[in-house]
Amino acid sequence: MHLSRPLIRAAALSLARRGCPPLVASAAPRRAFAASADRAHAVAEKVLLAHRAALEQQIKQLESNLDPADEAGRRTLAKKRIELGYSDPSNHVAFAEGKADVEKEVFSSMHNQRWRSFLVPRLLKQEIAHGIVGDLLPAAVRPSVNLELNFENTNWLCTYGQPVPPIWTLYSPRLTLTTGDSRTRYFTLALVDVDRPDPDTRSYEEWCHWLVTDVAVTDRLVIPGGSSPLLQRQQQAEDAEAFAKATTGATFVPNAPAQQPEIPGKVLFPYVPAHPPASNPRKLHRYAMLVMEQSGPGAVKVDLEALKKSARELDASVKERNEKEGTPMWKTGVMGEGEEKLMVRGRGLVLPVTKFMQTHNLQLKGHGFFTSTWDIHTPAIFTQLGIHEPVYGSLAGQTARQTVKAITTATSLAATLPGPLATLSAEARNSLNYARPPRPAPARLLTKRGMEVANSRGRDAEALLKRQSKKKSGVDPSLAESSSSRSNSGSIVAADGSFTAKTPRVSVLAAAALVRNKEGDVANGMKGAYVRAEKERRYRYANV
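Letter by letter, the sequence shown follows residues 1 to 544 of UniProt numbering.
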């Protein structure tokens, strides 16, 4: 009997699906190999079924003899059930395809095993690379509590430094804590900005965005996201319109929940979204989520009134020192009504983390972090929080008259932008960054030599495009059509399907202009003799 090529190919595919590699040989050895593989598969299936039958019998015996007060017996029964689930090939297929329900014991065990063997080493490596170990934690700590942190449009199994636009963090993330322990344990959760600048001390400080104590966890706890009680509600149509205008062009804007979610435990500091300030050079902020175990319920006691008193005393001392030294206002932090409502000073005084853990006898059990940096939609978060938006940087090498003129010009340009910053051309962004009004290109005299150079550049561009199309078949056809029109400038843009447009970077000058031109900025309401004197002071823009 001779097998046709289609039958041989079908048999090879069938063996490959079973995990047996096909052999490149004649049809006769393939028939023998297929028969032996079928027999081996049948024997393996028989052994597996016998093993499952024995496990099912053991589970029945344990269930019939189980004492409700026997903790060791319940753990043994759970292990047997997990072992029975591991012996089912369909469970492995469902887990690999992401269709598993982690509430079930077997899938929870698979998820915990993957987290320990794959995700935890990556987390520790990224924490060392990003300086979390050293700047926030004194040493690398291997987590024992599985922490999953996800915003509305993310689906991370572990948070190990993923970049997040600030507008995505407008509402609190969804947290999943898995201890794998049937006992009830109490934890304190803290979201900390490791890189918040403090203009009064000219340094970076740790700042608490979220602090919740007495969170009871039994095996697994899911804390719903969507909490952000300190945001100003868009009750009027013009407020919603202004917010929509400020977030035009954002890749994603989270939706406000119908009602505030219920956060388990005691919320000491309500959630505040990430709002990294504009700076030059651009500063990457690291936001660490920490899960710290308490010695018992009520073990963490933070006196908020005493903290507010300390913050007021510190503000008074800083103000007195600045007045004594003649420090200009643009070199100091502004503490208005919005800052007092958020407890801006108090959220920094409760930290650093190491001091907080030592004071309240806490043990770090779980952690993760994400990163964020300023973009053109971050001013909308400052407006929603009702706080002043600072801009950090240096404009060295300019006189006061030149600086004021540059910022005034950039502000007028920012007020007349034809669209969102992300949609502007490079020429328009450079005009804003360097405060140079756009000028029409000067007319050039057409010469024979110029025509020869233009034709030569066009031929070179076409040749380069052909070589690229041979190497990569996914070149945009429109690129070839428009290459001749761009041959005068000689600029060639290669199409790349994997390229993702990023938020264009703006300078300190452009950032200051955007802040000054921002609608609803709380700084616009500052009036008085001191403010007028600061506005008239020379060199006030030396470090905007």
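Note that CB positions come from ideal geometry on N, CA and C, so glycine has one too.
Cβ shell of residue i (< 6 Å), same chain only, five flanking positions each side left out
i      : result
ALA124 : Before going on, a small fix: residue 124 reads as Leu here, not Ala. Taken in chain order, the residues that qualify are ALA140.
ALA94  : ALA100
HIS377 : ILE167, THR247 and ALA250
ILE223 : LEU175
LYS365 : SER144, VAL145, VAL291 and GLU293
Buried or exposed (CB count within 10 angstroms, at least 16 for buried), residue i
i           : result
ASN518      : Note that residue 518 corresponds to Lys in the displayed sequence, not to Asn. Classification for LYS518: buried.
VAL47       : exposed
LYS309      : exposed
ALA311      : buried
THR408      : exposed
THR359      : exposed
THR403      : buried
PRO165      : buried
LEU13       : Here LEU13 scores only 42 on pLDDT, less than 50, and its place in the model should not be relied on; the value that follows carries that caveat. LEU13 comes out exposed.
GLU320      : exposed
residue 549 : With the chain running from 1 to 544 in the structure shown, residue 549 is simply not present.
GLN294      : buried
VAL350      : buried
SER425      : exposed
ALA216      : exposed
GLY225      : buried
SER456      : exposed
VAL508      : buried
MET451      : exposed
LEU445      : exposed
PRO173      : buried
Same chain only: Cβ atoms within 8 Å of residue i, ignoring 5 sequence neighbours per side
i      : result
PRO163 : PHE370, THR371, SER372 and THR373
HIS285 : ASP193, VAL194, ASP195, ARG196, ALA274, PRO276, THR371, SER372 and THR373
ALA198 : As written in the sequence, residue 198 is Asp, which differs from the Ala given in the question. Closer than 8 Å at the Cβ level, and outside the excluded window around ASP198, lie TYR204, GLU205, GLY333 and GLY348.
ARG122 : CYS158 and TYR160
ALA380 : ILE167, PHE243, ALA246 and THR247
VAL506 : ALA278, ILE376, LEU421, ARG429, LEU432, ASN433 and LEU514
GLU63  : LEU77
ARG116 : none
THR423 : GLY249
LEU119 : LEU157, CYS158 and TYR160
Anticipated Cβ contact below 8 Å, residue i with residue j, distance rounded
i      : j      : result
LEU55  : LYS80  : 6 Å
ALA435 : ALA406 : 4 Å
ARG516 : THR383 : The pair is not a contact, with the Cβ atoms about 14 Å apart (cut-off 8 Å).
LEU307 : VAL353 : Wrong, their Cβ atoms sit about 16 Å apart, outside the cutoff.
GLY134 : VAL106 : Not a contact, Cβ separation roughly 39 Å.
PHE269 : MET343 : 7 Å
THR184 : GLY265 : Actually they are not in contact, since the Cβ atoms of THR184 and GLY265 sit about 13 Å apart, beyond 8 Å.
TYR287 : SER227 : That pair is no contact at about 16 Å.
Residue i to residue j span [Cα, whole Å]
i           : j      : result
ASP460      : GLN468 : 12 Å
TYR186      : LEU362 : 10 Å
ASN65       : GLN113 : 30 Å
LEU230      : GLY386 : 9 Å
GLY326      : GLY346 : 25 Å
VAL334      : VAL318 : 11 Å
residue 589 : TRP210 : Lying before the first or after the last residue shown, residue 589 is absent from the chain, which here runs from 1 to 544.
VAL300      : ASP219 : 22 Å
VAL272      : ASP303 : 20 Å
ALA511      : THR503 : 13 Å
CYS158      : GLU127 : 12 Å
ASN430      : ALA463 : 31 Å
SER108      : VAL102 : 5 Å
ASN280      : TYR392 : 6 Å
TRP330      : CYS208 : 24 Å
ASP239      : GLN232 : 9 Å
LEU465      : LYS471 : 10 Å
LEU136      : PRO442 : 55 Å
ILE263      : THR169 : 17 Å
GLU45       : ALA96  : 21 Å
ALA494      : ALA414 : Note that ALA494 has pLDDT 39, beneath the 50 cutoff, so the model's placement of it is unreliable and the number below is only indicative. One C-alpha to the other measures close to 30 Å.
ALA129      : VAL522 : 38 Å
ASP181      : ALA50  : 31 Å
GLY458      : LYS283 : 41 Å
THR416      : SER394 : 25 Å
ASP315      : PRO257 : 35 Å
Heavy atom of the ligand PLP within 6 Å of residue i beta-carbon
i      : result
ALA100 : Ligands are entirely absent from the displayed structure, and the ligand PLP is therefore not among its contents.
Residues near residue i by beta carbon distance below 7 Å, same chain, minus five either side
i      : result
GLU339 : ILE387
GLY368 : LEU123, LEU147, LEU149, CYS158, THR159, TYR160 and MET289
VAL253 : ILE167 and THR247
GLY520 : ALA242 and THR383
ASP200 : VAL318, THR332 and GLY333
GLY296 : TYR186
CB contact below 7 Å: residue i versus chain B
i      : result
PRO273 : This model lacks chain B altogether, as it is built from one protein chain only.
Validate contact between the stretch 129 to 149 and the stretch 172 to 192 using beta carbons, cut 8 Å, 3 pairs: Cβ pair count under 8 Å is three or more, so yes.
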